[in-house]
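Quick note: the sequence shown uses this note's numbering, first residue 1, plus one each step. Beta carbons are placed, not taken as given, at the ideal position from N, Cα and C, and that holds for glycine. Below: one structure, written as structure tokens.
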Amino acid sequence: MHDAPLLLNLIPLEPLARAQLRAAGLDIHDVDVTASGLAGRGTAGKSDISGLASRARLLLTNGTTGLNAAQMDLLPQLELVCAFGAGYERIDVAAATQRGIAVAHAPNTNGQTVADHALALMLAVSRGLVTLDRAVKAGGWAKHRAPRPTLHGARLGVIGLGNIGQAIARRAEGFGMSVGYHTRTPHDDRRWQYFANVAELADASDFLVLACPGGPSTHHLVDADVLARLGANGFLVNVARGSVVDTEALIEALCDGVIAGAALDVFETEPEVPSALRMLENVVLTPHVSGRSPAALQAQIDSVLANVRAHLAGQPLPTPVNSTTQTGAKSGREASR
């Protein structure tokens, strides 16, 4: 397939996605990335990487894996980086733009699935569903029938009010919850109450749900002080990025009863999960799957293909992150060498 456009893939890819990308005429090769290099994976051995890197025009990654400037410099023909999903926080967009490399992402493809999962986590942690399921299966009954908090009438605080945050808020209203939110600037057209900072939102919340982007601007946004403000009856739910929460502060808060519980789909060190979190009964954990559903997967595939086809045809990208052109890509790469 040397005549087909070469797509380097840095992320785990579902068979359905791989099949559709290949059916679209792309030559896909899986590689691993290190801090400053590329390594062979699967059928591509280390000796093959230099040849692949010298002719790769397209690259597929995600917000967690990303792509940095040093890695871009190993790919002299790279023209387009696609993020498989909405997030692109670890893609060095400034470096890509400087080198004339276009960056695209897949917004609004899995937001409804993430919102569904957030509500599921809220119910699971507040109602103790995982613990109760295990207890009943083990033959327990009477001693596990204590009252548990419910969503109806509770106060929801959402950090981040993009498409996902709004979808979570609308679902929460269906449960009879009141909704507050925090973003960098208020949304004048929203019916929910705005809070100028995260600590004030935590004060006014029974459930604090994180639906904001990752990256330096939100690193450890939820710290020991915010958790203390959430309080002993409060629950933290994270479907954003693990970096938004200070993990050590969270573990201490859970162990000391500073908050009632947490439900986490993302972790600072994923796929590694701290043993303390795995042992706590007041924690519900899922393996970064909040955005995964058949419908979301197909929408993400469609978005990647639309951006690749547009780029190869010299047309504007449907969902660009930066602003560049194919002509700019060539001159930009030459200028950076």
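Have a look at the options and flag the residue whose alpha-carbon is nearest the alpha-carbon of residue i.
i: Ser205; options: Thr97, Ile159, Met72 and Pro186; result: Ile159
i: Gly51; options: Val258, Leu7, Gly85 and Ala19; result: Leu7
i: Leu151; options: Leu132, Ala135, Arg145 and Ser178; result: Ser178
i: Arg191; options: Glu173, Gly63, Glu200 and Val198; result: Glu173
i: Ser303; options: Pro5, Ile11 and Gln20; result: Gln20
i: Val289; options: Ala240, Ile259 and Phe235; result: Ala240
i: Ala232; options: Asn197, Gln98 and Val258; result: Val258
i: Leu156; options: Arg127, Arg148, Lys137 and Leu119; result: Leu119
i: Gly111; options: Leu58, Ala169 and Asp133; result: Ala169
i: Gly242; options: Asn9, Thr64 and Leu60; result: Thr64
i: Pro76; options: Ala83, Arg55, Arg90 and Asn62; result: Arg55
i: Pro147; options: Lys137, Gly139, Leu132 and Leu60; result: Leu132
i: Leu305; options: Ala260, Met122 and Ala83; result: Ala83
i: Tyr194; options: Gly176, Gly165, Lys137 and Pro216; result: Gly165
i: Leu426; options: Leu10, Asn9, Ala4 and Ile11; result: Because residue 426 is not part of the residues shown, which for the chain are 1 to 337, the question remains open.
i: Leu60; options: Glu268, Pro294, Leu10 and Phe175; result: Leu10
i: Leu74; options: Arg99, Arg90 and Gly128; result: Arg99
i: Pro216; options: Gly139, Glu268 and Asp189; result: Glu268
Residues in its own chain within less than 7 Å of residue i by CB, not counting five upstream and five downstream?
i: Ala35; result: Note that Ala35 has pLDDT 47, beneath the 50 cutoff, so the model's placement of it is unreliable and the number below is only indicative. Same-chain partners within the cutoff: there are none.
i: Leu297; result: Glu14, Leu16 and Ala17
i: Asp274; result: Checking the sequence, you will find Pro at residue 274 rather than Asp. Thr247 and Ile251, listed in sequence order.
i: Val321; result: Tyr88, Val93, Val103, Ala104 and His105
i: Val244; result: Leu210, Cys212, Gly214, Thr218, Leu221, Val222 and Asn238
i: Ala260; result: Ala232, Asn233, Gly234, Phe235 and Asn282
i: Ala249; result: Asp223, Ala224 and Leu227
How about residue i and residue j: are their beta carbons less than 8 Å apart?
i: Ala202; j: Leu210; result: no
i: Ala115; j: Ala263; result: no
i: Ile251; j: Leu277; result: yes
i: Asn307; j: Thr324; result: no
i: His105; j: Ala86; result: yes
i: Leu254; j: Asn282; result: yes
In the DSSP assignment, what residue or residues form a beta bridge with residue i?
i: Thr61; result: Ala83
i: Leu67; result: Ile91
i: Phe396; result: The structure shown does not extend to residue 396, since the chain is modelled only from 1 to 337, so the question has no answer here.
i: Gly261; result: Phe235
i: Asn322; result: Asn322 pairs with nothing; no bridge assigned.
i: Val283; result: Ala262
i: His29; result: Leu8
Please go through the same chain and pick out, in chain order, the residues whose beta-carbon is closer than 8 Å to the beta-carbon of residue i, but skip the five residues on each side of it.
i: Pro316; result: Ala310
i: Val198; result: Ile159, His182, Leu221, Val222 and Val226
If you drop the 5 nearest sequence neighbours on each side, which residues of the same chain put their C-beta closer than 6 Å to that of residue i?
i: Gly42; result: Caution applies to Gly42, whose pLDDT of 47 falls short of 50 and renders its modelled position unreliable; the value that the coordinates give is listed next. Contacts found: Asp30.
i: Tyr181; result: Val158, Leu161 and Trp192
i: Asn68; result: Asp92
i: Ala299; result: Thr109
i: Gly291; result: Asn110, Thr113 and Val114
Any C-beta of chain C sitting closer than 8 Å to the C-beta of residue i?
i: Ile259; result: Looking at the structure shown, chain C is missing, and only one protein chain is on hand.
**Prompt:** Which residue spans inside the segment 177-247 form an unbroken alpha helix (DSSP H) run of at least 4?
**Reply:** 198-203 and 224-230
**Request:** Mind listing, in chain order, the continuous alpha helix (DSSP H) runs of no fewer than 4 residues lying wholly within the segment 96-169?
**Result:** 111-127 and 129-137
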